[in-house]
Amino acid sequence: MAEEKTRGRILLVEDDKFLSTALADKLAREGFAVIKASNGEEALAKVRLARPDLVLLDLIMPQKTGFEVLADLKLEPSTKNIPVIVLSNLGQEADIKKAKELGARDYLVKSDVEMKTVVEKIKAELAKTVQP
Amino acid sequence: MTEAELREKQEQLNAILSSMAEGLIAIDNERRVILMNQAAGILLRTAPQEATGQDIRQILRSYRDGAELPYKDLPIEKAMTERNIISVGLLDNLSVRVKNGRLFPVALMIAPLLNRGEVSGAIILFRDITKDKEIDRAKTEFVSLASHQLKTPLSAINWYSEMMLEEEVGPLNDKQKEYLKNLYDANRRMVELVNSLLNVSRIDLGAFAVEPTPTDFAAVADGVLAELAPQLALKRLHLNKEYDPKVPAINADGKLVRIVFQNLLSNAVKYTAPGGSVGLAIKKEGENVLIRVTDTGYGIPAADQGKIFTKLFRADNIRDKEAEGTGLGLYIVKAVVEEAGGRIWFDSLEGRGTTFFITLPLAGMPKKDGVKGLT
Numbered sequence: 000m001a002e003e004k005t006r007g008r009i010l011l012v013e014d015d016k017f018l019s020t021a022l023a024d025k026l027a028r029e030g031f032a033v034i035k036a037s038n039g040e041e042a043l044a045k046v047r048l049a050r051p052d053l054v055l056l057d058l059i060m061p062q063k064t065g066f067e068v069l070a071d072l073k074l075e076p077s078t079k080n081i082p083v084i085v086l087s088n089l090g091q092e093a094d095i096k097k098a099k100e101l102g103a104r105d106y107l108v109k110s111d112v113e114m115k116t117v118v119e120k121i122k123a124e125l126a127k128t129v130q131p
Numbered sequence: 000m001t002e003a004e005l006r007e008k009q010e011q012l013n014a015i016l017s018s019m020a021e022g023l024i025a026i027d028n029e030r031r032v033i034l035m036n037q038a039a040g041i042l043l044r045t046a047p048q049e050a051t052g053q054d055i056r057q058i059l060r061s062y063r064d065g066a067e068l069p070y071k072d073l074p075i076e077k078a079m080t081e082r083n084i085i086s087v088g089l090l091d092n093l094s095v096r097v098k099n100g101r102l103f104p105v106a107l108m109i110a111p112l113l114n115r116g117e118v119s120g121a122i123i124l125f126r127d128i129t130k131d132k133e134i135d136r137a138k139t140e141f142v143s144l145a146s147h148q149l150k151t152p153l154s155a156i157n158w159y160s161e162m163m164l165e166e167e168v169g170p171l172n173d174k175q176k177e178y179l180k181n182l183y184d185a186n187r188r189m190v191e192l193v194n195s196l197l198n199v200s201r202i203d204l205g206a207f208a209v210e211p212t213p214t215d216f217a218a219v220a221d222g223v224l225a226e227l228a229p230q231l232a233l234k235r236l237h238l239n240k241e242y243d244p245k246v247p248a249i250n251a252d253g254k255l256v257r258i259v260f261q262n263l264l265s266n267a268v269k270y271t272a273p274g275g276s277v278g279l280a281i282k283k284e285g286e287n288v289l290i291r292v293t294d295t296g297y298g299i300p301a302a303d304q305g306k307i308f309t310k311l312f313r314a315d316n317i318r319d320k321e322a323e324g325t326g327l328g329l330y331i332v333k334a335v336v337e338e339a340g341g342r343i344w345f346d347s348l349e350g351r352g353t354t355f356f357i358t359l360p361l362a363g364m365p366k367k368d369g370v371k372g373l374t
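These protein sequence lines map, in sequence, to chains A and B. The numbering of the first sequence is numbering that gives the first Met the number 0, which starts it at 0 and goes up by one. The numbering of the second sequence is numbering that gives the first Met the number 0, which starts it at 0 and goes up by one.
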């Protein structure tokens with residue numbers, strides 16, 4: 000029972016280990032269950048296995064970029080409704096537009112965003128989607 | 000001059016022309032080729048003898064973005080009518096079509112040929128800049144790659160120091176807090192510096208995009224002021240806002256407008272002593288929107304006033320007072336304003352304060368495709 004009392008299950012897709020550790024620690028302290036993936040292929044495999052409530056997705060990664068992961072997730076009926084928040088250092092309008100068109104719910108630029116904000120955005124997305 | 004001397008001179012001249020690496024074409028007032036050197040022949044795949052007497056419009060067909068330029072827009076015509084030397088470089092994106100249909104990027108220098116004060120033709124000097132273009136592209140890619148790579152460790156420093164400052168992993172004593180705060184602030188400055196450098200390189204390469212959408216200037220300004228609220232409060236600065244309700248939403252690139260407000264307002268806050276005031280007015284003035292940012296700050300010394308829009312320049316009187324500041328902000332603002340068809344100027348008195356004025360057309364910014372937008 001106790002382990003079910005998390006705020007939700009987050010798949011954290013990030014290839015930089017310092018960033019990944021920072022985010023995973025922060026999210027765990029905030030009460031989320033965190034699953035980590037460090038490349039695009041691993042992310043897709045873990046989505047299918049673990050059915051996360053939300054995916055926090057980097058874009059520039061080895062073995063499938065975040066854009067490709069997004070496109071694949073949205074193609075599959077069983078994963079297309081999982082909310083995805085992009086967290087990348089690509090900050091160009093064109094990148095943001097592309098990610099949103101591919102179905103990203105939100106887009107955050109790593110170097111400009113505080114961790115607090117990342118957590119708030121995740122909570123806001125989950126509040127929208129995880130209605131009983 | 001004897002005939003032999005004359006012949007020697009002629010041969011000398013021929014040797015010079017045929018040894019040149021640049022293509023050279025001389026035309027008469029009727030735009031007909033009167034002379035073409037070997038390099039020009041090779042570049043255009045046309046024998047110089049064959050070209051002589053032909054209309055330059057048939058020989059040097061110029062293209063931009065895949066479309067042939069109408070003759071009236073050609074730099075040759077401009078040089079001849081304005082009697083000015085015109086140069087066309089890397090950033091002008093001009094190509095020339097050769098006989099076999101191939102296009103090559105070109106740099107040109109055109110000088111009107113003046114004979115007793117009358118334009119009697121023109122000299123066109125040109126070269127193939129395919130290599131320059133490749134280097135240019137490599138440079139742009141390097142800058143964007145390097146900045147992206149730099150941002151990853153900077154984000155890590157940001158996030159770890161943020162978590163420690165929030166005492167998420169245990170309490171800190173006051174000194175530890177102070178040091179960490181310094182670390183955090185210095186890192187934020189580094190992120191801003193990387194963004195500024197990236198913007199400057201895009202400006203210098205002429206590679207930044209302008210994507211106009213209806214933009215509420217007052218809302219953008221308020222967003223920037225909200226970010227500056229902590230500094231305004233810390234320095235107990237008085238803020239005067241004056242927004243003219245007649246200013247409509249303007250078809251402008253919101254990011255660029257933000258860059259303008261961000262730089263001018265943060266400068267005003269940064270360079271004003273505690274207790275002073277900062278003012279912002281956004282007004283309709285004829286066909287323009289006028290933005291006025293006033294402060295009662297340190298002012299710009301008269302001797303430095305000619306240099307403040309220069310890249311990396313910082314005025315003497317503020318270098319000691321404010322360590323923060325890159326000398327890139329106003330350079331970026333000026334480039335943005337001018338790209339948008341606007342104007343920027345200022346009034347300043349050292350020790351009294353500075354007022355910056357910007358006008359931008361209400362008609363909005365022209366769309367411009369570029370490699371990247373500014374951030």
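Where is the CB? At the ideal position from N, CA and C, for every residue including glycine.
Here B:Pro170 is exposed, its C-beta having fewer than 16 other C-beta atoms within 10 Å.
DSSP places A:Val33 in the uninterrupted beta strand (DSSP E) bounded by 32-36.
Within chain B, no C-beta atom comes nearer than 9 angstroms to that of A:Ser37; the closest sits roughly 14 angstroms away. The beta carbon of B:Pro211 sits closer than 8 angstroms to the beta carbons of Asn250, Ala251, Asp252, Gly363, Met364, Pro365, Lys366 from its chain, once the five residues preceding and following it are set aside; these are given in chain order. In terms of beta-carbon proximity, B:Val259 stays away from the interface with chain A, with every pair separated by 7 angstroms or more. When secondary structure is reduced to three states using DSSP, B:Gly253 falls in the helix class. Close to A:Glu113, with beta-carbon spacing below 7 angstroms, are these residues of chain B in chain order: Glu161. For A:Phe31, no Cβ of chain B is located within less than 7 angstroms of the residue's own Cβ. Here the region 70-77 of chain B does not lie against the region 32-52 of chain B, with fewer than 3 beta-carbon pairs under 8 angstroms apart. A distance below 7 angstroms separates the beta carbons of A:Leu53 and A:Pro82. Residues Phe356 of the same chain have their beta carbon placed closer than 7 angstroms to that of B:Trp344, with the five preceding and five following residues left out of the count.
Not a single CB atom of chain A sits nearer than 7 angstroms to the CB of B:Val256.
Separation of A:Val12 and B:Ala217 (C-alpha to C-alpha, rounded to the nearest whole angstrom) is 38 angstroms. Within chain B, the residues Ala155 have their CB atoms less than 7 angstroms from the CB of A:Phe17, given in chain order.
Annotation: Cβ neighbours of B:His147 in chain A (cutoff 8 angstroms, chain order): Ile59, Asn88, Leu89. Using a Cβ distance threshold of 7 angstroms, B:Phe308 and B:Gly326 do not count as a contacting pair. For a Cβ distance threshold of 8 angstroms, residue set Glu167 of chain B lies close to A:Arg28, ordered along the chain. Contact check for A:Thr78 against A:Val46 passes: the beta carbons are separated by less than 7 angstroms. Annotation: A:Leu48 to B:Asp184 spans about 41 angstroms, alpha carbon to alpha carbon.
Between the C-alpha atoms of B:Arg187 and B:Thr295 there is a straight-line separation of about 27 angstroms.
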